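Student:
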Amino acid sequence: MTDWASWFRHQLRASGEGFLWAARQIAPRYLLAFPPDPRYLGTWEPARHVWHVAEYERCLVLPSMRQWLGEPLPDDASWPDTDEAWAAVRHRSLEEHCAAFQGVREAQIALLDQLADADWQAPRETLWGHKPLAMVVTKTFQHTYEHGDTLLRMGLWWEHIEQEIAAAQA
1296 MTDWASWFRH QLRASGEGFL WAARQIAPRY LLAFPPDPRY LGTWEPARHV
1346 WHVAEYERCL VLPSMRQWLG EPLPDDASWP DTDEAWAAVR HRSLEEHCAA
1396 FQGVREAQIA LLDQLADADW QAPRETLWGH KPLAMVVTKT FQHTYEHGDT
1446 LLRMGLWWEH IEQEIAAAQA
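Letter by letter, the sequence shown follows residues 1296 to 1465 in the numbering used here.
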């Protein structure tokens, strides 16, 4: 039998550390800038990715994990993933966004102790359909990798893409 709580504890910790490391690889001058070529780097400012993942986990993931502790199905309307909501917090530093992410990620890891005896394969109604707890938590670290990949590409290639665009326009 899989020790789901231990396995996910490791995955959430490692993916969270990688995500924060990726965000911190981006030059400060780019953190609130729109990527030069959305085909490679997407359309969001780097700091928005960190805010987005933190809010997703705070508003949807934690309440979804708590369903297995008897809490009700969360309301996905509670997630303020809009341009207006981002504009209201855009002025915060990268470290503030990183701290918010770190706090919510640590809360999830702590919650795993309460879920150690849960039936991780028993499906119930979730925001993603009739799914087991294992899928809900797997979706969390998949989402972390998705945005972490974008942040890593930004850190690695932003300046290079800017230079290629400038050279093509010269």
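We put the beta carbon where it would ideally sit given N, CA and C, even for glycine.
Only a predicted model underlies this, so the values are computations on that prediction, with no experimental measurement involved.
Considering only residues of the same chain and omitting the five flanking positions on each side of histidine 1347, which have a CB-CB separation below 6 Å?
Tutor: The answer is none, since no qualifying residue turns up.
Student: If histidine 1392 sits next to alanine 1322, beta carbons under 8 Å apart, how far is it from one beta carbon to the other, in whole angstroms?
Tutor: Not confirmed; about 16 Å, so no contact.
Student: Using the beta-carbon count (16 or more within 10 Å), is tryptophan 1415 buried or exposed?
Tutor: Flag for tryptophan 1415 reads buried.
Student: Could you tell me which of Gln1437, His1344, Trp1363 sits nearest to proline 1418, measuring between CA atoms?
Tutor: It is Trp1363.
Student: Using the DSSP secondary-structure output, state which residues sit across from glutamate 1420 in a beta bridge.
Tutor: Note: glutamate 1420 sits in a beta bridge opposite His1425.
Student: For a quick check, are the C-beta atoms of leucine 1336 and arginine 1448 less than 8 Å apart?
Tutor: Going by C-beta atoms, leucine 1336 is nearer than 8 Å to arginine 1448.
Student: Quick one: give me the first and last residue of the alpha helix (DSSP H) that glutamine 1320 is part of.
Tutor: Run containing glutamine 1320: none; DSSP gives neither H nor E here.
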